[in-house]
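**Q** Our numbering applies: residue 43 is where the sequence shown begins, and numbers increase by one. For glycine and all other residues, C-beta sits at the position ideal for the given N, C-alpha and C. Just so it is clear, the structure is predicted and the values come from calculations on it, not from any experiment.
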Amino acid sequence: MGVDPGLTRCGVAVVEGRPGVRPTLVAVGVVRTSPGLPHEFRLLRLEEGLTAWYDRYRPGTISIERVFAQHNLHSVAGVAQAVGIAMLIGARHDTPVELHSPSEAKAAITGSGQADKKQVGAMVARILGLDGPPRPVDAADAVALAVTQLWRGGVENRYAQAVAARRRAS
Numbered sequence: 043m044g045v046d047p048g049l050t051r052c053g054v055a056v057v058e059g060r061p062g063v064r065p066t067l068v069a070v071g072v073v074r075t076s077p078g079l080p081h082e083f084r085l086l087r088l089e090e091g092l093t094a095w096y097d098r099y100r101p102g103t104i105s106i107e108r109v110f111a112q113h114n115l116h117s118v119a120g121v122a123q124a125v126g127i128a129m130l131i132g133a134r135h136d137t138p139v140e141l142h143s144p145s146e147a148k149a150a151i152t153g154s155g156q157a158d159k160k161q162v163g164a165m166v167a168r169i170l171g172l173d174g175p176p177r178p179v180d181a182a183d184a185v186a187l188a189v190t191q192l193w194r195g196g197v198e199n200r201y202a203q204a205v206a207a208r209r210r211a212s
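Here's what the structure looks like:
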């Protein structure tokens with residue numbers, strides 16, 4: 043499950059696949075919260091929406107865009123809180139969480155960490171065999187994060203997950 047965190051629009055996507063096989067889009071969408079709600083209720087709505095996605099699709103991993111510094115401190119704080127909520131859902135369900143930088147996801151999808159959103163959307167559509175990029179752009183970014191995890195998660199992550207599960211069982 044890929045999560046493009048945001049407080050007003052949080053992109054969410056579920057893809058299936060494995061290395062060497064074209065990924066398949068299972069579901070894509072956006073969890074929305076109203077800017078008119080008190081902040082704590084926006085966080086609650088986001089948690090409820092992401093939990094509903096998790097409960098419906100039971101992903102093996104949650105791939106989240108890593109927060110990076112922005113000029114608007116208020117905006118980055120909301121995004122960071124959205125990241126925390128997505129991470130909490132993973133922890134609550136003992137599901138591995140991976141963070142990917144925007145440039146890492148862009149490079150995985152387009153071959154360039156400097157790609158713009160239009161290029162990412164076009165390549166997501168091409169990779170998944172879709173007629174066009176998922177809309178809105180937050181949804182396309184969530185798909186890109188999910189595909190990045192499929193392609194870059196690989197054997198190393200499965201090995202780390204097995205070791206961690208063994209430690210928890212001991």
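Kindly indicate the opening and closing residues of the alpha helix (DSSP H) around Val213.
**A** Within the shown structure, residues of the chain are numbered from 43 to 212, placing residue 213 beyond reach of any answer.
**Q** With distances taken from CA atoms, which of Glu146, Arg168, Ser212 is nearest Leu67?
**A** What you label residue 67 is simply residue 25 of the sequence shown in a count that begins at 1. Closest by alpha carbon: Arg168.
**Q** Can Thr75 and Thr50 be called in contact, C-beta distance under 8 angstroms?
**A** Here residue 75 refers to the residue found at position 33 when the sequence shown is read from its first residue. Here residue 50 refers to the residue found at position 8 when the sequence shown is read from its first residue. It is a contact, given that the beta carbons lie within the stated cut-off.
**Q** Which partner residues of Gln104 appear in the DSSP bridge assignment?
**A** Taking the sequence shown and counting its residues from 1, one reaches residue 104 at position 62. Residue identity check: residue 104 is Ile in the sequence provided, not Gln. According to DSSP, Ile104 bridges with Val139.
**Q** What residue does the alpha helix (DSSP H) around Thr93 start on, and which one ends it?
**A** Here residue 93 refers to the residue found at position 51 when the sequence shown is read from its first residue. Taken as a continuous stretch (DSSP letters only), the alpha helix (DSSP H) holding Thr93 covers 81-99.
**Q** By how many angstroms is the C-alpha of Val57 removed from the C-alpha of Ala184?
**A** For the purposes of this step, residue 184 is taken as the residue at position 142 of the sequence shown. For the purposes of this step, residue 57 is taken as the residue at position 15 of the sequence shown. Cα to Cα, Ala184 sits roughly 10 angstroms from Val57.
**Q** Quick check on Ala182: buried or exposed, where buried means 16 or more other Cβ atoms within 10 Å of its Cβ?
**A** As a first step, residue 182 must be located in the sequence shown, where it is residue number 140. Buried, since its Cβ has 16 or more Cβ neighbours within 10 Å.
**Q** Between the Cα of Ala150 and those of Gly163, Ala122, Val125, spot the shortest distance and give me the residue it belongs to.
**A** Taking the sequence shown and counting its residues from 1, one reaches residue 150 at position 108. That would be Gly163, whose Cα lies nearest to the Cα of Ala150.
**Q** Whole angstroms is fine: what's the gap from Pro101's alpha carbon to Gly59's?
**A** Counting from 1 along the sequence shown, the entry for residue 101 is found at position 59. Counting from 1 along the sequence shown, the entry for residue 59 is found at position 17. When rounded, the distance between both Cα atoms is 12 angstroms.
**Q** For Ser145, which option in Trp193, Thr103, Val72, Arg108 has the closest C-alpha, if you only look at C-alpha atoms?
**A** Working through the sequence shown from its first residue, we reach residue 145 at position 103. Out of Trp193, Thr103, Val72, Arg108, Arg108 has the C-alpha closest to the C-alpha of Ser145.
**Q** With the cut-off set at 8 angstroms, would you say Ile106 and Val72 are in Cβ contact?
**A** On the sequence shown, position 64 is the one that residue 106 refers to. On the sequence shown, position 30 is the one that residue 72 refers to. Going by C-beta atoms, Ile106 is not nearer than 8 angstroms to Val72.
**Q** If you draw a straight line from the alpha carbon of Gln161 to that of Phe83, how long is it in whole angstroms?
**A** The residue given as residue 161 occupies position 119 in the sequence shown. The residue given as residue 83 occupies position 41 in the sequence shown. Rounded to the nearest whole angstrom, the C-alpha separation of Gln161 and Phe83 is 34 angstroms.
**Q** Can you tell me whether Leu88 is buried or exposed, with buried defined as 16 or more other CB within 10 angstroms of its CB?
**A** Counting from 1 along the sequence shown, the entry for residue 88 is found at position 46. So Leu88 counts as buried.
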